[in-house]
Structures are given as C-alpha cells and as structure tokens.
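Contents: one structure, followed by commentary.
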Amino acid sequence: MTQTTNNSTQGPARHTTLVIGGTGKTGRRVAEKLGAQGRPVRIGSRSGAPAFDWNEPAGWPAALEGVDRVYVTYYPDLGFPGAAEQVGAFAEAAVAAGARRLVLLSGRGEESAQRAEEALKASGADWTVVRASWFNQNFDEGFFLEPVLAGEIALPTADAVEPFIDTDDIADVVVAALGDERHIGRTYELSGPRLLGFSDIAAELSKATGREIAYVPVSDGEYRAVLRENGLPEEFADLFTLILDGRNAHLAGGVREVLGREPRDFADFARETAATGVWDVRS
Numbered sequence: 001m002t003q004t005t006n007n008s009t010q011g012p013a014r015h016t017t018l019v020i021g022g023t024g025k026t027g028r029r030v031a032e033k034l035g036a037q038g039r040p041v042r043i044g045s046r047s048g049a050p051a052f053d054w055n056e057p058a059g060w061p062a063a064l065e066g067v068d069r070v071y072v073t074y075y076p077d078l079g080f081p082g083a084a085e086q087v088g089a090f091a092e093a094a095v096a097a098g099a100r101r102l103v104l105l106s107g108r109g110e111e112s113a114q115r116a117e118e119a120l121k122a123s124g125a126d127w128t129v130v131r132a133s134w135f136n137q138n139f140d141e142g143f144f145l146e147p148v149l150a151g152e153i154a155l156p157t158a159d160a161v162e163p164f165i166d167t168d169d170i171a172d173v174v175v176a177a178l179g180d181e182r183h184i185g186r187t188y189e190l191s192g193p194r195l196l197g198f199s200d201i202a203a204e205l206s207k208a209t210g211r212e213i214a215y216v217p218v219s220d221g222e223y224r225a226v227l228r229e230n231g232l233p234e235e236f237a238d239l240f241t242l243i244l245d246g247r248n249a250h251l252a253g254g255v256r257e258v259l260g261r262e263p264r265d266f267a268d269f270a271r272e273t274a275a276t277g278v279w280d281v282r283s
C-alpha cells in the first residue's frame, strides 16, 4: 500500500516524494513502488490533499511543503504550448521550497519537450531526465483502449515503427533515480527491446486476445477530424510526426544502464494484460 503524508498533522517530513500525476500511468506505479519500499509519498493531483494543479500555481507551495524530491510529469504533454514555462516555474518553486531532487519524465526526440527539460535544469535543481518511448499501457489504460475494443486501430502512422516501452520499466528507472545520487545530472533514454509498427502491435494484440484487431492507416487530416469530433486537442496528432520521420526508430539502452536488465517485451505485456479481461468484448 502506498504510504502518504499529511504535513499539517505530522510536521515537515524529509525524504517525502511528491509524485505529480500520481494517479496516472507512470505516476501510480512510481508511488506504489516507493510505498512498497517504505518511502513516504504524496500524490500530486487535483484530487490530492493538498491538491496539485499545473494551472493553479498558488497551490504549489502547499503540495511542496515537507517534500525533498519530486517526480515531475506534465499533462497533457510536454510538447504542448506553455509546458516549458510551467515546468520551469514549478522547478523554481520546488527548489525554493527545499525539494531540490527532481526527476522529469520527458519524451524521446521531442524538441519542445527538451525546452521543458532545459527550463527545469535552469532552476538549479539536482535533476535527472528520463526520456521514454510510447507506452505499452496506451493500449489498455490510454487513448488506444477503445480502438482495441472496437477491433480497429486507425492512425496516421503508415509503416513507421516505435520501440514501445512498458510503464513498469519506466517506474523502476524513476524510483532508482529518485533514490540514488549517482543519477543526478543524467539523461536516460528508455525504449522497449524491439521496434514495432502498428500493424505488428495489432498482430500481437490479436494473438493475445484471440480475436481480430486490425491496423488501418489514415491521413493526418482524417485523424485530426476524429480528434475534433471527440473534443480532444489536435496537438495529439502532432505527436505522430515523431514516429513518421523515423527519429525514434532505434533502440535505447537506458533500462539496461540503470537497472541492469532488459526491458519488457510488448508480447509479454499483451499476453498478461489480456488475461485481466480488460480487452474482453461483451455483447
């Protein structure tokens, strides 16, 4: 069970970690792993106590009280307009509050995300940057879940490939970075063990679920229209350009470098996730 703190009753508690996005894909796992080690955790979310909201800087000092390290994730994405400025302002507030140890989740090959990285570094924090590929868990906890259930993944990615990574691997790297000073000032690029196109992903999901799941290439314009129809930011479509130009079409060794083991394969993720029933289609 995750151990949480409430400094209004306990007073300042050093070695408490604020996990921003502590209910999200990586944050939830980081919080659970820290809690399992007996390390105090505060969940940074709008529903947290105290609440944390990227758009409400006035609430940041309360979330940072008694905290000496932070796992920083940004929603919806570091590549979105204004992200670098908000991350930089938060990092300055964290350092001023005594939370110098910051580990930032970033994206591979994203120039706009790198601006946020530099803003965080400029705060004077003891920083680590973790740049990750696309998550396996996007297919069972994220925006690809509904297409998988529908049996059709329609995306503007053509034949491009990506080394999808498991969020448990990311969380293990983050926990190691938060607890070991040898990772200060380091940037780690994380990927899964092989390159996969979305047609390969569909084939692995079909094998794991026992039903046909197809990948259907669509144009950028068609995909943007779908985003608009569903009330989602069109900037999500921009993320696919990172796959299309091949900048991330290579493996990275960050998991092995930090943890001394290989990252989890998508096929293992698909098989184990299918067994949970999350992809079962019920009439």
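According to the numbering used here, the sequence shown is numbered sequentially starting from 1. C-beta atoms are modelled at their ideal positions from N, C-alpha and C, and glycine is treated no differently.
Consult DSSP for residue i and reduce its assignment to one of helix, strand or coil.
i: residue 130; result: strand
i: residue 146; result: helix
i: residue 243; result: helix
i: residue 273; result: helix
i: residue 266; result: helix
i: residue 237; result: helix
i: residue 278; result: coil
i: residue 162; result: strand
i: residue 259; result: helix
i: residue 227; result: helix
i: residue 80; result: coil
i: residue 139; result: helix
Specify, as a first and last residue, the run of the beta strand (DSSP E) that residue i falls within.
i: residue 251; result: Element bounds for residue 251: n/a, residue is neither H nor E.
i: residue 101; result: 101–107
i: residue 44; result: 41–44
i: residue 152; result: 152–155
i: residue 218; result: No beta strand (DSSP E) holds residue 218; DSSP gives it neither H nor E.
What residue from the options has the CA that sits closest to residue i's CA?
i: residue 52; options: 198, 74, 272; result: 74
i: residue 84; options: 123, 175, 95, 97; result: 123
i: residue 171; options: 40, 15, 259, 38; result: 259
i: residue 201; options: 44, 247, 224, 265; result: 265
i: residue 17; options: 25, 42, 28; result: 42
i: residue 63; options: 215, 44, 79; result: 44
i: residue 182; options: 57, 101, 30, 61; result: 101
i: residue 95; options: 233, 109, 70; result: 70
i: residue 150; options: 188, 206, 97; result: 206
i: residue 148; options: 31, 104, 19, 199; result: 199
i: residue 24; options: 272, 137, 128, 231; result: 137
i: residue 99; options: 15, 165, 189; result: 15
i: residue 110; options: 130, 125, 145, 280; result: 130
i: residue 169; options: 20, 27, 21; result: 27
i: residue 213; options: 153, 67, 127; result: 153
i: residue 188; options: 78, 79, 261, 255; result: 255
i: residue 288; options: 226, 247, 80, 167; result: Since the first residue shown for the chain is 1 and the last is 283, residue 288 is missing from the structure and cannot be characterised.
i: residue 257; options: 161, 177, 21, 115; result: 177
i: residue 103; options: 114, 77, 127; result: 127
i: residue 47; options: 20, 65, 190; result: 20
Return the first residue and the last residue of the alpha helix (DSSP H) that residue i is part of.
i: residue 193; result: Taken as a continuous stretch (DSSP letters only), residue 193 belongs to no alpha helix (DSSP H), as it is neither H nor E.
i: residue 201; result: 198–209
i: residue 74; result: Careful: residue 74 lies outside any alpha helix (DSSP H) and carries neither H nor E.
i: residue 178; result: 167–179
i: residue 61; result: 60–64
i: residue 23; result: Looking at the DSSP string, residue 23 is not in any alpha helix (DSSP H), and its letter there is neither H nor E.
i: residue 117; result: 111–121
i: residue 37; result: Where residue 37 is concerned, there is no enclosing alpha helix (DSSP H), given that its DSSP letter is neither H nor E.
i: residue 88; result: 83–96
So is residue i buried or exposed if we call it buried at 16+ other beta carbons inside 10 Å?
i: residue 55; result: exposed
i: residue 9; result: The predicted position of residue 9 is uncertain, since its pLDDT is 34 and thus under 50; no value can be drawn from it.
i: residue 120; result: buried
i: residue 185; result: exposed
i: residue 221; result: exposed
i: residue 133; result: buried
i: residue 275; result: exposed
i: residue 143; result: exposed
i: residue 216; result: exposed
i: residue 118; result: exposed
i: residue 328; result: Any question about residue 328 goes unanswered here, given that the chain covers just 1 to 283.
i: residue 277; result: exposed
i: residue 281; result: exposed
i: residue 61; result: exposed
i: residue 307; result: In the structure as shown, the chain begins at 1 and stops at 283. Residue 307 is therefore absent and cannot be evaluated.
i: residue 279; result: buried
i: residue 108; result: buried
i: residue 234; result: exposed
Please indicate yes or no: does the CB of residue i lie closer than 7 Å to some heavy atom of the ligand COA?
i: residue 77; result: As presented, the structure is devoid of all ligands, the ligand COA included, so that no description of it is given.
inquiry  = Tell me whether the region 157–167 and the region 240–256 touch, counting them as touching only if at least three CB pairs, one residue from each stretch, are closer than 8 Å.
reply    = Segments in contact, yes.
task = Say whether the region 88–99 touches the region 27–40, bearing in mind that this needs 3 or more beta-carbon pairs closer than 8 Å, one atom from each stretch.
result = no
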